[in-house]
Ligand code: NAP
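In my numbering, the protein residues as written are 56 to 313.
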């Protein structure tokens with residue numbers, strides 16, 4: 056399918072690895088010029104080089120997207136953007152009685168206020184040009200809480216509430232905002248989460264993965280390529296009627312009718 060977005064300019068945050076990288080690759084395959092971002096330079100430069108093989112222009116900005124200074128650098132380099140994919144690392148797991156106000160402020164900053172700041176900066180240009188796409192990478196935990204990820208549950212649910220209203224305010228201008236909700240995907244984040252299970256339960260990494268996969272109807276982890284393909288479709292010209300939705304990519308793990 057021709058996604059109809061060849062030549063569009065896409066900013067993909069936190070995209071040197073994992074789900075962000077999957078989104079960047081699918082958008083590059085669709086012919087989008089890319090602005091990539093991550094904190095570390097090595098993986099970022101390597102990813103940028105690989106994306107250039109798709110024949111698109113790629114700008115790579117090493118910066119912490121969750122800091123005001125980092126966002127300013129990325130936004131200055133990006134210029135006018137047609138497609139915004141928001142993403143950043145997720146908060147660490149833990150227990151409700153250990154989280155301090157500072158922990159909550161950090162999580163809210165990274166996973167709620169950062170995407171909101173990026174939308175605040177870029178939506179006006181999209182509205183003016185009468186076309187735009189925003190996809191926020193959130194989490195399955197928005198639909199069904201993951202108790203040990205309370206910081207993530209809280210921050211991402213706040214973002215979801217913001218998107219629900221704002222998506223309807225910008226839709227009249229040809230701009231859509233939607234959220235993609237990953238369940239477990241085979242990335243460094245999954246390795247970090249499984250390492251925690253491994254340590255807590257005294258089991259091997261293979262066993263931690265096997266146990267987790269057994270709870271998923273698809274009986275496996277998702278891939279970044281699958282995730283990226285869904286993201287690129289939401290950014291396509293065919294997806295203009297999909298507004299303010301929360302789309303689970305979890306292999307059926309969330310046991311719900313709707
Ligand atoms: P990942 O494999 O660990 O990749 C994270 C990417 O984001 C890397 O490129 C990393 O590069 C970059 N990054 C992290 N923090 C950043 C920051 N502050 N500023 C700029 N770049 C940053 O993670 P992932 O699995 O793709 O997860 C992406 C998001 O989805 C996370 O919020 C995660 O919590 C959420 N999620 C993931 C899963 C899953 O199973 N994978 C499930 C549910 C939700 P640098 O380290 O060099 O900055």
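Glycine included, each C-beta is placed from N, C-alpha and C at the ideal position.
Query, Result
"Residue 58 - DSSP class collapsed to helix/strand/coil", "coil"
"The ligand NAP heavy atom lying under 7 Å from the CB of residue 212", "no"
"Complete alpha helix (DSSP H) runs within the stretch 132–212 (minimum length 4 residues, chain order)", "156–163, 169–184"
"Short Cβ contact (8 Å threshold) for residue 188 with residue 68", "no"
"Buried versus exposed call for residue 14 [16 or more other C-beta atoms within 10 Å across all chains shown]", "The question about residue 14 has no answer here: the residues shown for the chain are numbered 56 through 313."
"Coil, strand or helix - residue 249 by DSSP", "helix"
"Whole-number beta carbon distance between residue 161 and residue 309, since they are thought to touch under 8 Å", "With a Cβ gap of about 26 Å, residue 309 and residue 161 do not count as contacting."
"Beta carbon of residue 236 nearer than 8 Å to that of residue 304", "yes"
"Beta-carbon contacts of residue 205 that lie in its chain and below 7 Å, excluding the five residues immediately before and after", "151, 154"
"Own chain residues within Cβ distance below 7 Å of residue 283, not counting five before or after", "77, 78, 80, 81"
"For residue 88, the three-state DSSP class (helix, strand or coil)", "strand"
"Expected contact under 8 Å - CB spacing of residue 51 and residue 277 to nearest Å", "The first residue shown for the chain is 56 and the last is 313, placing residue 51 beyond what the model contains."
"Touching by the beta-carbon criterion (3+ pairs, under 8 Å), the stretch 108–118 and the stretch 210–220", "no"
"N-terminal and C-terminal residue of the alpha helix (DSSP H) that residue 99 is part of", "97–107"
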